[in-house]
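Following the working numbering, the residues of the sequence shown are numbered contiguously, the last one being 859. Cβ coordinates follow ideal geometry from the N, Cα and C atoms, glycine included. As the structure is a prediction and not an experimental result, all values here were calculated from the model.
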Amino acid sequence: MTSLATVGESLRDGIELLRSSGSESPRLDAELLLASAIAADRTALLAHPEWQVGSDAAASYRAALIRRSRGEPVAYIRGLKEFYGMAFMADRRALIPRPETERLVELAEREVGRRLTAAPRGADARQLRIVDVGTGGGAIVVSLAAWVRRRGFAPDVELIATDASPDSLQLARENAVAHGVADLVDFIEADLLPAASGGSPPAPPSAGRFDLVLANLPYVPTDAIGGLPIAASFEPRAALDGGPDGLAIVRRLLERLLASLNVDGIALIEIGADQADRVREAVMGQLPGWSCDVERDLSGQPRVARIRPAPRDPAGPRAEPLGAAR
């Protein structure tokens, strides 16, 4: 009878296979895939290299290693991705959430908290209207909704998520259900923002101006997509391709902000690390008088453009920014 391999032995073999196949992170990949195969937490797995791996788990692990060695993302193999301390279902219907996007969620939370706690709110105060444009699998809006519920802000916030892909929207709904916030988010199939009222077909009740517009739109230049890691080839191209300079879809959103953002509203848009200057130029050209600050992510890269409308009174004071690029 063949003896069962231990966790340590299985990891060693998996790391070697993935390293030889060109994985950018063979050790982490092997650990995540083995933990998934044996239904254990990764930290427990690392603490017990002597554990034996059952035959069924070993076969599952081996199949996962082969898929990863061919370039398939670990998130798609496992069917989930950790983001902002939460686990999200992930598959080919949507882009895999990236760690740098967590900065966008942090800034959104800060802005919502500031607006809802800066002054007492009366019983007749209107809800804060927030839209996540191009929600994909829903990582941004679901993370924000979970925070809103924990803070007790749910009655004061209206959350909307849009995407042009019905498949992506369905994945986002599934993630909202999994995290118990489906009742807080209105998912709308739309090209960027919901249709304005008076259109045909009739606009949904959530159409109108927003206090906070969040967006992680495709921003990879078309010519650069071929140079991305092979794992990106498994993701929807439409979720990556931002046109010739990566900002074609961002510029389309900027065009819509004039009619869609409240005068004291803010748009937070994720951008590529080399796009800060071009985004500022786009704002200056398309939205004269508006401001554009850029926040950096945890690695120090420019990551989120914060865009504000021009003040009502040109001579009046502009709202204090939440923090310029540092």
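Item                                                                                                                                                                                     : Value
So does the segment 802-819 actually touch the segment 775-782, counting three or more Cβ pairs closer than 8 Å?                                                                         : yes
I'd like to check one pair, residue 695 with residue 721: are the Cβ atoms closer than 7 Å?                                                                                              : yes
For residue 582, does the three-state DSSP call read helix, strand or coil?                                                                                                              : coil
With a threshold of 6 Å on Cβ separation, who are the neighbours of residue 635 within its own chain once the five nearest residues in sequence on each side are excluded?               : 617
In the DSSP assignment, what residue or residues form a beta bridge with residue 592?                                                                                                    : In the DSSP output, where bridge partners are listed per residue, residue 592 has none listed.
Per DSSP, which one or two residues make a beta bridge with residue 800?                                                                                                                 : 746, 840
If you measure between the beta carbons of residue 789 and residue 726, is that distance less than 7 Å?                                                                                  : yes
Quick check on residue 802: buried or exposed, where buried means 16 or more other Cβ atoms within 10 Å of its Cβ?                                                                       : buried
Does DSSP classify residue 773 as helix, strand or coil?                                                                                                                                 : coil
Given this structure, state the Cα-to-Cα distance separating residue 576 from residue 582, to the nearest angstrom.                                                                      : 11 Å
Starting from residue 644, trace the alpha helix (DSSP H) in both directions and tell me its first and last residue.                                                                     : 635-650
Work out the CA separation of residue 626 and residue 771 for me, nearest whole Å.                                                                                                       : 11 Å
Measure the C-alpha to C-alpha separation of residue 839 and residue 672 and round it to an integer number of angstroms.                                                                 : 19 Å
Quick one: residues in its chain with C-beta nearer than 7 Å to the C-beta of residue 717, no 5 flanking neighbours on either side, listed in chain order?                               : 678, 681, 682, 687, 692
So what's residue 674 in DSSP terms, helix, strand or just coil?                                                                                                                         : helix
What is the C-beta distance between residue 823 and residue 843, in whole angstroms, given that I count them as a contact (C-beta under 8 Å)?                                            : 5 Å
In this structure, what does DSSP give as the bridge partners for residue 824?                                                                                                           : 841
On the DSSP letters alone, give me the boundaries of the beta strand (DSSP E) that residue 626 sits inside.                                                                              : Where residue 626 is concerned, there is no enclosing beta strand (DSSP E), given that its DSSP letter is neither H nor E.
Using C-beta distances below 6 Å, list every residue in its chain close to residue 795, excluding the 5 sequence neighbours before and after it, in chain order.                         : 742, 744
Sort 835, 791, 799, 764 by Cα distance to residue 555 and report the nearest one.                                                                                                        : 764
Kindly list the residues whose CB is nearer than 7 Å to the CB of residue 599, restricted to its own chain and excluding five residues on each side of it in sequence; keep chain order. : none
Quick check on DSSP: helix, strand or coil for residue 662?                                                                                                                              : strand
Going by the CB atoms, is the gap between residue 747 and residue 783 shorter than 7 Å?                                                                                                  : no
Count the other C-beta atoms from every protein chain shown that fall within 10 angstroms of the C-beta of residue 685, then say buried if there are 16 or more, exposed otherwise.      : exposed
If I follow the unbroken alpha helix (DSSP H) through residue 540, where does it start and stop?                                                                                         : 540-554
Measure the beta-carbon distance from residue 715 to residue 709 and round it to whole angstroms, keeping in mind my assumption that it falls under 8 Å.                                 : 4 Å
Ends of the alpha helix (DSSP H) at residue 704?                                                                                                                                         : 699-711
What distance in whole Å lies between the Cβ atoms of residue 596 and residue 612, which are believed to be in contact at a cut-off of 8 Å?                                              : Residue 612 to residue 596, Cβ: 14 Å. No contact.
What residue from 550, 659, 562 has the CA that sits closest to residue 689's CA?                                                                                                        : 659
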